[in-house]
Each structure stands twice: as C-alpha cells, then as structure tokens.
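Quick note on our numbering: the sequence shown kicks off at 801 and runs consecutively.
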Amino acid sequence: MADNGLALFVRLTPRSARDAIEGMAESADGRCHLKARVRAVPENGKANTALEKLLAKQIGVPSSAVSVAGGATSRLKTVELKGNREELLIRLRAIAAEQ
Numbered sequence: 801m802a803d804n805g806l807a808l809f810v811r812l813t814p815r816s817a818r819d820a821i822e823g824m825a826e827s828a829d830g831r832c833h834l835k836a837r838v839r840a841v842p843e844n845g846k847a848n849t850a851l852e853k854l855l856a857k858q859i860g861v862p863s864s865a866v867s868v869a870g871g872a873t874s875r876l877k878t879v880e881l882k883g884n885r886e887e888l889l890i891r892l893r894a895i896a897a898e899q
C-alpha cells in the first residue's frame, strides 16, 4: 500500500435490495469496520467489484484508487484506498456521520 493511502475494514452484505454504506460498527474481536451492502451476487468477484465502485463514488475518488486487498471470499474485507491519507479520512468520517 502506498504511504499516502490507507486500509479500511469493510463488512460487505451481497444480494441486498440496494447499494449503500450503512455506517460504522464494531466486530466481536473489537475491530471497527464500515458496513456496506451491494446488489451484486458473490460470484466471480462481482460483489467485490460493486463494493469498489460504491466506495469510489461515495468517497469521491477514481475507481482505480479503491481495491479489495484482503478477504476476497469473506464478508469482512480489507480495502486499500489510494490518495491523500488525511483527505480520505475526512471523507470517510463525513460518510460515517451521515449514517
């Protein structure tokens, strides 16, 4: 990961009625994560691609700046965001506050 980017934990729910970010939550192991839903099915990376597009749109960065770096077949994923770290944090906090 680039020094100026960040890693984000996301709990993804595929096959949802809509694509949405639903705020922040804490998992049983104490890690904070962003909750997201996508309509795509979890087949051949379709849900991961939908997540990348959703996050890029919500955060306001190009799709190429968002990639699933870990947990490709798991609900809890590590997403790599490329860009200015401080700016990304500000945008993520704003998204979480809206929920």
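Where a beta carbon is used, it is the ideal one built from N, C-alpha and C, also for glycine.
Here the C-alpha atom of L854 lies approximately 14 angstroms from the C-alpha atom of E880. The beta carbon of R811 lies closer than 6 angstroms to those of H833, K835, R875 and L876 in the same chain, with the five residues before and after it left out. In the three-state reduction of the DSSP assignment, A847 falls in the helix class. Non-local C-beta neighbours of R885 in its own chain, meaning closer than 6 angstroms and more than five positions away in sequence, comprise N804 and L806, ordered along the chain. Distance from the CA of R837 to the CA of I821, rounded to the nearest whole angstrom, comes to 6 angstroms.
Here R815 carries a coil assignment [DSSP, helix/strand/coil].
Counting the other CB atoms within 10 Å of its CB gives A817 a total below 16, which places it among the exposed residues.
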